[in-house]
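K.L.:
Numbering (the working numbering), first residue to last: 9 to 144.
C-beta: ideal position from N, C-alpha, C; glycine also.
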């Protein structure tokens, strides 16, 4: 039985997580799959700058050159995710729907909102946020 899933490549220079809601996407090359609930929230969080910075800094097991990172599944499964309230899920699902509706154009305002909410969920100070981002 086919079900919604998040697909991603293991070796990338930035997050490239894709939510397949069509239930028909099959990669022609190596890709990994995540399934479960609240996938819209998860894909938004995984594609954020802050989650990428946290993963690259603390979970990736070293970089690949100056910009690359390996999303090894065993490392990714250990990535700390903030506990989300139902309000958070509504927010992330709306962001995902809006981005999809706009064909991911003019999305900088959305990305800023995502980063702000995630900084609060991770309880990061401005200094901590800036420190993490300088490493990506």
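Please report the distance separating the alpha-carbon of residue 37 from that of residue 28.
P.N.:
Locating residue 37 in the chain shown gives position 29, where the first residue counts as 1. Locating residue 28 in the chain shown gives position 20, where the first residue counts as 1. Their backbone Cα atoms lie some 16 Å apart in a straight line.
K.L.:
Need the endpoints of the beta strand (DSSP E) that residue 147 sits in, please.
P.N.:
Residue 147 is absent from the model: the chain starts at 9 and stops at 144.
K.L.:
Since residue 135 contacts residue 56 with CB under 8 Å, what's their CB separation in whole angstroms?
P.N.:
Along the chain shown, one-based indexing puts residue 135 at 127. Along the chain shown, one-based indexing puts residue 56 at 48. Rounded, the Cβ-Cβ distance is 19 Å, inconsistent with contact.
K.L.:
Starting from the Cα of residue 87, find the closest Cα among 50, 73 and 101 and give me that residue.
P.N.:
Numbered from 1 along the chain shown, position 79 holds the residue referred to as residue 87. Residue 87 has its Cα closest to that of 50, out of 50, 73 and 101.
K.L.:
How far does the alpha helix (DSSP H) with residue 92 in it reach, from first residue to last?
P.N.:
Looking up residue 92 in the chain shown gives position 84. Element bounds for residue 92: n/a, residue is neither H nor E.
K.L.:
Between the Cα of residue 30 and those of 13, 103, 39 and 65, spot the shortest distance and give me the residue it belongs to.
P.N.:
Within the chain shown, residue 30 is the residue found at index 22, counting from 1. Selected option, being the one with the closest Cα: 13.
K.L.:
Pull up the distance between the alpha-carbon of residue 33 and that of residue 131, whole angstroms please.
P.N.:
As a first step, residue 33 is located in the chain shown; it is residue number 25 there, counting from the start. As a first step, residue 131 is located in the chain shown; it is residue number 123 there, counting from the start. C-alpha separation (whole angstroms): 36 Å.
K.L.:
Just curious, the beta strand (DSSP E) that residue 40 is in, first and last residue?
P.N.:
On the chain shown, residue 40 is found 32 positions in, with the first residue counted as 1. 40 to 42 is the span of the beta strand (DSSP E), which, as asked, contains residue 40.
K.L.:
Below 8 Å CB to CB, which residues in the same chain sit around residue 35 once its five sequence neighbours on both sides are set aside?
P.N.:
Walking along the chain shown from the start, residue 35 turns up at place 27. Closer than 8 Å at Cβ, skipping near neighbours: 15.
K.L.:
If distances are taken between C-alpha atoms only, which option among 10, 139, 19 and 90 comes closest to residue 75?
P.N.:
Working through the chain shown from its first residue, we reach residue 75 at position 67. Looking at the Cα atoms, 19 is the closest of the given residues.
K.L.:
Determine the extent of the alpha helix (DSSP H) in which residue 50 is found, giving its start and end residues.
P.N.:
Position 42 of the chain shown, counting from 1, holds the residue named residue 50. Per DSSP, residue 50 belongs to the alpha helix (DSSP H) from 47 to 54.
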